[in-house]
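Using our numbering, the first residue of the sequence shown is number 6, and each one after it goes up by one. Backbone N, C-alpha and C fix where the C-beta goes; we use that ideal spot for every residue, glycine too.
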Amino acid sequence: MDSTHYIEVPPTPHTGSQGDNSRPKKLRLAERYAQEEPFRNRANPLQHASLASVLSAYWLQPLVSLGAQKILEKEDIWAVTPQDSCDVLYERFRHNYTPDKQELLNLPHVAMGFFKTFRRQIATIIANYCVYMTAMVLQPFIAKAILQFLEDEDNVFNINNGYVLVVLMVGVSFVGITCLNYGFFLSSRVGANMRAIAMDIVYRKALNLSCIARQAYTTGEITTLMSVDSERIFFAIINGPWILVAPLS
6 MDSTHYIEVP PTPHTGSQGD NSRPKKLRLA ERYAQEEPFR NRANPLQHAS LASVLSAYWL
66 QPLVSLGAQK ILEKEDIWAV TPQDSCDVLY ERFRHNYTPD KQELLNLPHV AMGFFKTFRR
126 QIATIIANYC VYMTAMVLQP FIAKAILQFL EDEDNVFNIN NGYVLVVLMV GVSFVGITCL
186 NYGFFLSSRV GANMRAIAMD IVYRKALNLS CIARQAYTTG EITTLMSVDS ERIFFAIING
246 PWILVAPLS
């Protein structure tokens with residue numbers, strides 16, 4: 006009988022593991038950030054952010070994504086924009102502060118200086134809040150119109166299409182909430198700028214006081230002016246516009 010010969014099967018190529026080892030590993034966001042310049046040394050994206058980016062808070066997304074993967078440190082926070090720095094804000098306030106001029110209704114010169122410096126931002130805040138309040142007033146009417154459409158009744162808008170009413174409700178709600186968020190963001194930014202100006206003014210004044218004038222104020226009083234009283238200015242610009250907008254509701 007002929008002897009049978011065993012032929013060994015050729016080995017299976019290990020292409021999968023070799024290919025994975027040869028490929029460069031994709032770095033995570035925190036790992037890529039560690040190899041780059043920190044945010045502290047980069048320009049603040051708010052400085053060149055578009056209106057759409059500000060409304061959607063997209064300019065803040067890099068910081069949010071980084072904070073989801075690592076603990077944020079001081080170097081991970083952007084510096085303030087040049088227009089929000091104390092030097093620029095003080096110069097803007099100094100041009101609008103006129104202590105020798107008679108103000109309207111004998112209002113305080115400092116308050117009028119703040120108002121003149123940020124009058125455009127304050128007007129924008131009030132306008133956004135007015136749009137928000139108008140949207141909130143329209144929502145019950147649109148909801149009632151939808152119910153009247155379901156009952157085959159006429160509504161105040163004379164719209165006989167349910168899809169149009171639903172789109173109108175979504176659009177009014179979206180516009181209202183967007184204006185509210187933008188108004189609150191702008192009021193917080195203006196309030197922080199006013200607080201920075203107040204602290205800068207008190208600090209500059211304290212440095213220029215004579216020895217005799219310095220005895221009339223304690224360190225605690227100066228610290229209170231720079232901290233507590235300046236904080237009141239911040240909350241005043243946060244809550245103040247609602248006094249004008251509240252009657253619309």
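Rounded to whole angstroms, what is the Cα-Cα separation between residue i and residue j?
{"i": "Arg37", "j": "Ile202", "result": "38 Å"}
{"i": "Ala132", "j": "Val250", "result": "9 Å"}
{"i": "Leu109", "j": "Gly245", "result": "19 Å"}
{"i": "Val85", "j": "Cys91", "result": "10 Å"}
{"i": "Val3", "j": "Ala211", "result": "No information on residue 3 is available, as it lies outside the stretch 6 to 254 that the chain covers here."}
{"i": "Asp105", "j": "Leu214", "result": "21 Å"}
{"i": "Ser73", "j": "Ala48", "result": "The identity of residue 73 in the sequence shown is Ala, whereas the question assumes Ser. So the alpha carbons of these two residues sit roughly 21 Å apart."}
{"i": "Val175", "j": "Ile248", "result": "28 Å"}
{"i": "Ile238", "j": "Glu42", "result": "36 Å"}
{"i": "Val115", "j": "Gln107", "result": "12 Å"}
{"i": "Lys75", "j": "Lys30", "result": "19 Å"}
{"i": "Pro87", "j": "Glu96", "result": "12 Å"}
{"i": "Asp157", "j": "Pro145", "result": "18 Å"}
{"i": "Ala62", "j": "Cys184", "result": "13 Å"}
{"i": "Tyr222", "j": "Asp89", "result": "30 Å"}
{"i": "Glu226", "j": "Ala39", "result": "44 Å"}
{"i": "Gln66", "j": "Phe240", "result": "27 Å"}
{"i": "Ile182", "j": "Arg219", "result": "50 Å"}
{"i": "His100", "j": "Asn166", "result": "56 Å"}
{"i": "Tyr168", "j": "His53", "result": "38 Å"}
{"i": "Arg209", "j": "Asp81", "result": "30 Å"}
Just mark residue i as buried or exposed, buried being the case when its beta carbon has 16 or more other beta carbons within 10 Å.
{"i": "Leu32", "result": "exposed"}
{"i": "Ser55", "result": "exposed"}
{"i": "Thr224", "result": "exposed"}
{"i": "Arg200", "result": "buried"}
{"i": "Gly188", "result": "buried"}
{"i": "Phe119", "result": "buried"}
{"i": "Cys216", "result": "exposed"}
{"i": "Ser232", "result": "exposed"}
Please list, in chain order, all residues of the same chain as residue i whose beta carbon is under 6 Å from its beta carbon, the five residues on each side excluded.
{"i": "Leu230", "result": "Val207"}
{"i": "Phe162", "result": "Ala150"}
{"i": "Asn160", "result": "Ala150, Gln153"}
{"i": "Thr228", "result": "none"}
{"i": "Tyr102", "result": "Gly118"}
{"i": "Phe287", "result": "Limits of the chain in this structure are 6 at one end and 254 at the other, which puts residue 287 out of reach."}
Assuming residue i and residue j form a contact by the criterion Cβ under 8 Å, report the distance between their Cβ atoms to the nearest whole angstrom.
{"i": "Cys135", "j": "Leu253", "result": "6 Å"}
{"i": "Arg45", "j": "Trp83", "result": "7 Å"}
{"i": "Leu170", "j": "Phe154", "result": "6 Å"}
{"i": "Ile242", "j": "Ser192", "result": "6 Å"}
{"i": "Leu68", "j": "Leu34", "result": "That belief does not hold up - the Cβ atoms of Leu68 and Leu34 are roughly 11 Å apart, past 8 Å."}
{"i": "Phe98", "j": "Thr129", "result": "Rounded, the Cβ-Cβ distance is 19 Å, inconsistent with contact."}
{"i": "Leu77", "j": "Trp64", "result": "In fact, because the Cβ distance is near 16 Å, the residues do not count as touching under 8 Å."}
{"i": "Asn198", "j": "Leu112", "result": "So it is not a contact: roughly 20 Å between Cβ atoms."}
Which same chain residues, not among the five before or five after residue i, have their C-beta less than 8 Å away from its C-beta?
{"i": "Val180", "result": "Val136, Ala140"}
{"i": "Lys79", "result": "Arg45"}
{"i": "Ile164", "result": "Ala150, Phe154, Leu170, Leu173"}
{"i": "Ile127", "result": "Phe120, Val195, Ile242, Pro246"}
Considering only residues of the same chain and omitting the five flanking positions on each side of residue i, which have a CB-CB separation below 7 Å?
{"i": "Asn186", "result": "none"}
{"i": "Leu173", "result": "Ile147"}
{"i": "Met204", "result": "Met231, Ser235"}
{"i": "Ser58", "result": "Trp64"}
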